[in-house]
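Engineer:
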Amino acid sequence: MELQEQQTKALSSEQKNIVFENMSDGVVTINGEGRITYVNSAFADLFGYSAAELLNQPFDALFLSNKKNKAFNRFFRDCFKKNCSAKKELVKYQTQKDTLFFHINASLLHTAPKQSSDAFPGMMILLEDMTDACRLKQHEHDCAYTFAGLVFCISGYLSIWSLTKFTLKLPLKTDDYTMMIEGISFLLFLEILLFTSLSLRDIGLIPKRGMFQKSLKETLLLAAGACLVLLSAKVILILCGAPIKEKFIGGSIAGMTNYMITATVQEFLARGVIQTCIKSLMQVRYQKTFGVILTSLLFSIMHLPFGFIFMMGSLLLSLVLGYIFERHQHMWGCAFLHWSCGYLAMCLFF
Numbered sequence: 077m078e079l080q081e082q083q084t085k086a087l088s089s090e091q092k093n094i095v096f097e098n099m100s101d102g103v104v105t106i107n108g109e110g111r112i113t114y115v116n117s118a119f120a121d122l123f124g125y126s127a128a129e130l131l132n133q134p135f136d137a138l139f140l141s142n143k144k145n146k147a148f149n150r151f152f153r154d155c156f157k158k159n160c161s162a163k164k165e166l167v168k169y170q171t172q173k174d175t176l177f178f179h180i181n182a183s184l185l186h187t188a189p190k191q192s193s194d195a196f197p198g199m200m201i202l203l204e205d206m207t208d209a210c211r212l213k214q215h216e217h218d219c220a221y222t223f224a225g226l227v228f229c230i231s232g233y234l235s236i237w238s239l240t241k242f243t244l245k246l247p248l249k250t251d252d253y254t255m256m257i258e259g260i261s262f263l264l265f266l267e268i269l270l271f272t273s274l275s276l277r278d279i280g281l282i283p284k285r286g287m288f289q290k291s292l293k294e295t296l297l298l299a300a301g302a303c304l305v306l307l308s309a310k311v312i313l314i315l316c317g318a319p320i321k322e323k324f325i326g327g328s329i330a331g332m333t334n335y336m337i338t339a340t341v342q343e344f345l346a347r348g349v350i351q352t353c354i355k356s357l358m359q360v361r362y363q364k365t366f367g368v369i370l371t372s373l374l375f376s377i378m379h380l381p382f383g384f385i386f387m388m389g390s391l392l393l394s395l396v397l398g399y400i401f402e403r404h405q406h407m408w409g410c411a412f413l414h415w416s417c418g419y420l421a422m423c424l425f426f
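Numbered continuously in our numbering, the sequence shown closes out at residue 426.
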């Protein structure tokens, strides 16, 4: 620290300004009265000010007035009161719009003799913006935590299926498996809501305004095309004499409503939870593609109790919906396609 101060003193004011202005870290100096005597552009930009607006202003009034920033405020007040010669710490700072993370390096200035042992001589502060690194670390932690819960739930689901089918010989209905999948989705939603920092936008529940209208048009066109393909396939299979329903059997209002809930819950599980977490955890080339493929494999395994053909159909549908989710960045278009195609297929073929 002494060598650093000697090197700093050896520089002229103009040289200091050039050095500090070209630094990516924020630099600010405070005099014995707690007023800002120098600030570089990087520091001013971090807090949304210009350098001219901060000069000669009281540091305390500008940056230590927000009671939410307890660690940030405590760091500097300890420095002011205790006259710490040097102090380093990583702290969080809450602005009106965002949450920032700073690595602070503060050291006292001894450019003039102290008037008394308790007098504050001034301070030089070096502020490194660690927001992106901290957010990335937190996001990876959230995704890992959620994925661990997902693996636990899927393991429990398959264990219950194996126990009831092969050991207890208890036949379960389709509604029983559907309820278990919906229960898993609810548990994971609570886990994300209570134990992670993931937002509803991160897991695809809240679409971006500019994207929603465009994705709505694409979803309706895709749904119309998929339904046309299903109807055409029905006609072709009937003409070929395939053993399927001979008539176009319609559904019911209750069935449509129940399947709408099922499709929405399953898309939240597949796209909002599984695909989002896998994509975030896999920092590799073709990250999105691997996310879609692995999500579809996991989702199809959850349909194993319904039979191999149904499981393969779920795999193909999930691959398409996974691509759409990456394109639209929300799950509502996927939920609508899942509902419209899935329910029509059940009415036509099963």
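Ideal placement from N, C-alpha and C gives every residue a C-beta, glycine not left out.
Along the chain, where does the alpha helix (DSSP H) that runs through Val305 open and close?
Structural biologist: Arg285 to Leu315
Engineer: Span of the beta strand (DSSP E) holding Val349?
Structural biologist: From DSSP, Val349 is part of no beta strand (DSSP E); its letter is neither H nor E.
Engineer: Does the distance from the CB of Ala339 to the CB of Gly418 come in under 8 Å?
Structural biologist: yes
Engineer: Would you give the residue range spanned by the beta strand (DSSP E) that Ser183 belongs to?
Structural biologist: Thr175 to Leu184
Engineer: For the alpha helix (DSSP H) that contains Gln170, what are its first and last residues?
Structural biologist: Run containing Gln170: none in the alpha helix (DSSP H); it sits in the beta strand (DSSP E), Ala162 to Gln170.
Engineer: Can you look up Ala102 in the DSSP assignment and give me helix, strand or coil?
Structural biologist: Checking the sequence, you will find Gly at residue 102 rather than Ala. Reduced to three states, the DSSP call for Gly102 is strand.
Engineer: Return the CA-CA distance between Ser356 and Gln214, expressed in angstroms with no decimal places.
Structural biologist: 11 Å
Engineer: Under a Cβ-count criterion, where at least 16 other Cβ atoms within 10 Å of its own Cβ denotes burial, should Glu343 be classed as buried or exposed?
Structural biologist: Here Glu343 is buried. Its C-beta has 16 or more other C-beta atoms within 10 Å.
Engineer: Could you tell me which of Gly317, Ser231 and Tyr221 sits nearest to Thr272, measuring between CA atoms?
Structural biologist: Tyr221
Engineer: Hey, how far is the Cα of Gly348 from the Cα of Lys146?
Structural biologist: So the two alpha carbons sit approximately 34 Å from each other.
Engineer: Would you grab the beta carbon distance between Met206 and Leu166 for me? Rounded to a whole angstrom, and I think it's under 8 Å.
Structural biologist: 6 Å
Engineer: Ordered along the chain, which non-local residues of its own chain (more than five positions away) have a Cβ less than 6 Å from that of Thr175?
Structural biologist: Counting only Cβ-Cβ distances below 6 Å, and skipping sequence neighbours, we find nothing.
Engineer: In three-state terms, what does DSSP make of Trp408?
Structural biologist: Of the three classes helix, strand and coil, the one that applies to Trp408 here is helix, per DSSP.
Engineer: Kindly indicate which residue of Asp251, Ala118, Ala299 and Ala318 has the alpha-carbon position closest to the one of Ile94.
Structural biologist: Ala118
Engineer: Determine the contact status of Ile140 and Arg153, defining contact as a CB-CB distance below 8 Å.
Structural biologist: Going by the sequence as given, residue 140 is Leu instead of Ile. Using a Cβ distance threshold of 8 Å, Leu140 and Arg153 count as a contacting pair.
Engineer: Is the beta carbon of Gly67 sitting closer than 8 Å to the one on Met407?
Structural biologist: Nothing can be reported for residue 67: it is not among the residues displayed for the chain, which extend from 77 to 426.
Engineer: Please report the straight-line C-alpha distance between Glu267 and Gly225, rounded to a whole angstrom.
Structural biologist: Spanning the two alpha carbons is a distance of roughly 8 Å.
Engineer: Considering just the uninterrupted stretch of the beta strand (DSSP E) at Asp205, what are its terminal residues?
Structural biologist: Unbroken beta strand (DSSP E) run through Asp205: Met199 to Asp205.
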